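Chemist: Sending over a structure as structure tokens; questions will come in a sec.
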Amino acid sequence: MSNQVTLKGWIERVRELGGLKFFILRNRDGVTQVTLKKGVVKDELFDLVGQMHREDCLIVRGELKDAKQAPGGKELVPDSIEVVNKAETPLPIELGETNKDKRLDYRYMDLRDHKVLSVFKVRSEVLRLIREYYANEGFFEVQTPVIQAAGAEGGSELFPIIYYGKEAFLKQSPQLYKQMLMASGLDKIWEIGNAFRAEKFHTRKHISEITMVDTEMAWIESEEDVMRVVEGLVHHVLKGVSKNCKDQLELLGATVNVPELPFPRLHYDEVLKMLDKEGVKLEWGSDFGDAEERRIGDLLAKKGTELYFFTKYPSQIKPFYVMMDGKYSRGFDLDFKGMEITSGGQREHRLDILTKIMKSKGLDPHKFEFYLNAFKYGMPAHGGFGLGADRVVQQILNLPDIKEVVLFPRTTERLVP
Ligand code: AMO
Numbered sequence: 013m014s015n016q017v018t019l020k021g022w023i024e025r026v027r028e029l030g031g032l033k034f035f036i037l038r039n040r041d042g043v044t045q046v047t048l049k050k051g052v053v054k055d056e057l058f059d060l061v062g063q064m065h066r067e068d069c070l071i072v073r074g075e076l077k078d079a080k081q082a083p084g085g086k087e088l089v090p091d092s093i094e095v096v097n098k099a100e101t102p103l104p105i106e107l108g109e110t111n112k113d114k115r116l117d118y119r120y121m122d123l124r125d126h127k128v129l130s131v132f133k134v135r136s137e138v139l140r141l142i143r144e145y146y147a148n149e150g151f152f153e154v155q156t157p158v159i160q161a162a163g164a165e166g167g168s169e170l171f172p173i174i175y176y177g178k179e180a181f182l183k184q185s186p187q188l189y190k191q192m193l194m195a196s197g198l199d200k201i202w203e204i205g206n207a208f209r210a211e212k213f214h215t216r217k218h219i220s221e222i223t224m225v226d227t228e229m230a231w232i233e234s235e236e237d238v239m240r241v242v243e244g245l246v247h248h249v250l251k252g253v254s255k256n257c258k259d260q261l262e263l264l265g266a267t268v269n270v271p272e273l274p275f276p277r278l279h280y281d282e283v284l285k286m287l288d289k290e291g292v293k294l295e296w297g298s299d300f301g302d303a304e305e306r307r308i309g310d311l312l313a314k315k316g317t318e319l320y321f322f323t324k325y326p327s328q329i330k331p332f333y334v335m336m337d338g339k340y341s342r343g344f345d346l347d348f349k350g351m352e353i354t355s356g357g358q359r360e361h362r363l364d365i366l367t368k369i370m371k372s373k374g375l376d377p378h379k380f381e382f383y384l385n386a387f388k389y390g391m392p393a394h395g396g397f398g399l400g401a402d403r404v405v406q407q408i409l410n411l412p413d414i415k416e417v418v419l420f421p422r423t424t425e426r427l428v429p
């Protein structure tokens, strides 16, 4: 039975052996060998191969036949070849280029490397699974403004813009808006969007434009209710990736371990003790830095634990909107293999206390009137979290740099392309 196919893709390699010519065509699914034997295919097609260069893009129609010696055990014998567009020579980068900056400068070429493409196939599946989870659990998807009048996560990390002659800022997080919605009846919401952080760090896990997944839910009893959603979401994602991305994981040499539920909860004080035993002295009230996070990650990895919450953070290091019970807060973080991927908690919903905490943290409540007003007319107890989608993908694939999972990363050095 004839097996007529149409393949659209780029030339990876051309080879000529006298009366036999081959080229390898690459597309989103893999590579296919196209074989042209003089006398079997039309002369004009045979001659065309001599003018072909790597990365020209073509549409090839013909018969797909079994061929033991060809990659994937099949070869295409063409009836027609349409040259859609030719590639200039020399190429700006080679497949598998190792200079990261150059790769990012020519990202569209870099992505033709199937290993790089696989990272973004996994990323796409992670985001699809996130959507699926929220739909299954009855959350409303919302969009909050990117142009905002105030930030919620501390003033230093904002990107100012000029908005009709006034100063405004790019969204640092949907925090204030998702909380205001808790007074609305949209009582379980989620959002995916870009958030902007003017962070001048050069680390494995910081970029200036991130993809954030945010959740907020009303009528909760405590931060436990929120943590159950976080772990349910991350579990759903890892289970789905391990099932649906087998080829990509194999190509990238990554193994996904589906975690058991519930994830361990480690009290902040307990983490300090674990670090102390390791000879790492941290004063009560300090936040964990990258070194401490990695240390804890290594300790837990020995027990086969890759995902774990840090709970009961000191009130002094959590933002104003987190509910405080004296010196401990109801804020938590979720770490994945030694890296924070989420922070969240129960929020303070009592206006008088919230205003007091804001003042004690040096914030001017008048600047947040639009937000505080929402607490005057029946604001239920609520909580939520923000999950860095880029870091989730990075840790699933064990990649050393977050820029590997972002198509066009924004950093202090990168604005183009
Ligand atoms: P936070 O500021 O901790 O919390 O951000 C939440 C998650 O977003 C990711 N993230 C980043 N990823 C890469 N580069 C960055 N510069 C960066 N900054 C943050 C991390 C982090 O855990 N409003 C709160 C969340 C909440 O309480 O609902 C917030 O934004 O994975």
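Residue numbering for the sequence shown follows this note's numbering, starting at 13 and increasing by one per position. For every residue, glycine included, the Cβ atom is placed at its ideal position computed from N, Cα and C. Small disclaimer: the values here were computed from a predicted structure and weren't measured.
#1: Here's a check: name, in chain order, each residue in its chain whose Cβ is nearer than 8 Å to the Cβ of Asn15, leaving out the five neighbours to either side.
#2: Under 7 Å Cβ to Cβ from Leu312, same chain only, skipping five residues before and after it: list those, please.
#3: Mind checking whether the beta-carbon of Met336 lies closer than 7 Å to any heavy atom of the ligand AMO?
#4: Check Lys114 in the structure and name its three-state DSSP category.
#5: Evaluate Phe152 with the Cβ neighbour count: other Cβ atoms within 10 Å of its Cβ, from every protein chain shown; 16 or more gives buried, anything less gives exposed.
#6: Sorry if obvious, but does the Cβ on Met370 come closer than 7 Å to a heavy atom of the ligand AMO?
#7: Taking 7 Å as the cut-off, does the CB of Thr317 come closer than this to any heavy atom belonging to the ligand AMO?
#8: Measuring from the CB of Thr110, is there a heavy atom of the ligand AMO at a distance below 7 Å?
#9: Go to Phe434, then tell me how far its beta strand (DSSP E) extends in each direction, as first and last residue.
#10: Look at the alpha carbon of Val418 and the alpha carbon of Asp259, and state the distance between them as a whole number of angstroms.
#11: Run the CB neighbour count on Ala386, radius 10 Å, all protein chains shown included, and call it buried at 16 or more, exposed below.
#12: Is it buried or exposed, Gly163, if we count other Cβ atoms within 10 angstroms and call 16 or more buried?
#13: Are Phe34 and Val46 close, meaning C-beta to C-beta below 8 Å?
#14: Could you name the residues of the same chain whose beta carbon sits closer than 6 Å to that of Glu425, not counting the 5 residues immediately before and after it, in chain order?
#15: Determine the burial state of Asp122: buried for a count of at least 16 other Cβ atoms within 10 Å of its Cβ, exposed for fewer.
#16: How about Pro326 and Gly356: are their beta carbons less than 8 Å apart?
#17: Determine contact between the region 220-229 and the region 200-209, defined as no fewer than three beta-carbon pairs at a distance below 8 Å.
#18: Does the ligand AMO have even one heavy atom less than 7 Å from the beta-carbon of Gly84?
#19: Figure out for me which residue from Tyr120, Gln160, Tyr176 and Val249 has the closest Cα to the Cα of Asn148.
#20: Taking a contact to mean a Cβ-Cβ separation below 8 Å, would you say Val283 touches Ile353 in this structure?
#21: Is Ser185 near the ligand AMO, in the sense that its beta carbon is under 7 Å from a heavy atom of that ligand?
#22: Measuring only the C-alpha atoms, how far is Ala161 from Lys293?
Modeler: Here's the rundown:
#1: Cβ-Cβ distances below 8 Å link Asn15 to Glu75, Leu76 and Lys77 in the same chain, with the five nearest sequence neighbours on each side left out; the list follows chain order.
#2: Tyr320
#3: No - the ligand AMO has no heavy atom lying nearer than 7 Å to the Cβ of Met336.
#4: helix
#5: exposed
#6: Relative to the ligand AMO, the beta carbon of Met370 is positioned no closer than 7 Å to any heavy atom.
#7: For the ligand AMO, not one heavy atom lies less than 7 Å from the Cβ of Thr317.
#8: no
#9: The structure shown has nothing for residue 434, since the chain only spans 13 to 429.
#10: 20 Å
#11: buried
#12: buried
#13: Between Phe34 and Val46, the C-beta spacing is below 8 Å.
#14: none
#15: buried
#16: no
#17: Cβ pair count under 8 Å is three or more, so yes.
#18: no
#19: The shortest Cα separation from Asn148 among Tyr120, Gln160, Tyr176 and Val249 belongs to Val249.
#20: no
#21: yes
#22: 40 Å
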